[in-house]
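>
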Amino acid sequence: MQKATSWVFSFRTATSRQTTDARAREALVFSLVGASRREVAMARLMEIAAVGILAAAVGGTAGLIGGWWLTTEAMHIPWEPGLLPFALPLVLGILAAGAAGVFAGTGSLPRGRGEIARRLSA
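In terms of UniProt numbering, the sequence shown is residues 1 to 122.
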């Protein structure tokens with residue numbers, strides 16, 4: 001049992017390390033073609049926001065369908081949602097994904113040309 005848990009943990013660590021390396025290489029390529037740190041951060045933030053919108057739309061839709069079924073079929077109450085059940089999942093999804101993207105993206109772009117050269121030679 002201990003071996004299986006340790007194997008799963010090492011696989012997850014290796015996978016996240018590969019993802020981090022891929023993000024660093026991506027940032028390095030952006031910087032080599034002339035993108036500033038701000039442009040790389042904005043590109044990453046837009047990507048993460050798109051993922052957040054998608055996740056919020058899927059989760060919010062599933063929640064609304066479940067809520068509709070629960071109120072109309074199980075409780076026999078009229079279904080009259082307002083604007084909040086539609087807007088809240090999108091807003092929370094974008095905020096959560098944006099915060100995760102900002103946290104994950106800090107420090108991925110090299111600070112100077114010497115750091116770029118070190119990463120290129122590695």
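Ideal Cβ placement from N, Cα and C applies to all residues, glycine included.
State the CB to CB distance for the pair G52 and A97, rounded to an integer number of angstroms; the pair is presumed to be in contact (CB under 8 Å).
Stepping through the sequence shown from its first residue, residue 52 is reached at position 52. Stepping through the sequence shown from its first residue, residue 97 is reached at position 97. With 8 Å as the limit, G52 and A97 qualify as a contact, their Cβ atoms being about 3 Å apart.
> Give the list of continuous alpha helix (DSSP H) stretches no shorter than 4 residues that lie fully inside the UniProt domain "ABC3 transporter permease C-terminal" (15–100).
DSSP runs (the alpha helix (DSSP H)) wholly in the UniProt domain "ABC3 transporter permease C-terminal" (15–100): 37–69.
> Which value, in whole angstroms, describes the spacing of the CA atoms of R62 and V102?
To locate residue 62, count along the sequence shown from 1; it is residue 62. To locate residue 102, count along the sequence shown from 1; it is residue 102. According to the sequence as given, residue 62 is Ala; it is not Arg. Between A62 and V102, the C-alpha separation is close to 27 Å.
> Under 8 Å by Cβ, that's how I've got A49 and I94 pegged, so tell me the actual separation to the nearest angstrom.
In the sequence shown, residue 49 corresponds to position 49, counting from 1. In the sequence shown, residue 94 corresponds to position 94, counting from 1. So it is a contact: roughly 6 Å between Cβ atoms.
> What do you reckon, are the CB atoms on P89 and A56 nearer than 7 Å?
Residue numbering aside, residue 89 sits at position 89 when the sequence shown is read from its first letter. Residue numbering aside, residue 56 sits at position 56 when the sequence shown is read from its first letter. Cβ distance < 7 Å, so P89 and A56 count as in contact.
> Exposed or buried, R38, counting other C-beta atoms within 10 Å across all chains shown (16 or more means buried)?
Here residue 38 is taken as the residue at index 38 of the sequence shown, counted from 1. Exposed is the call here.
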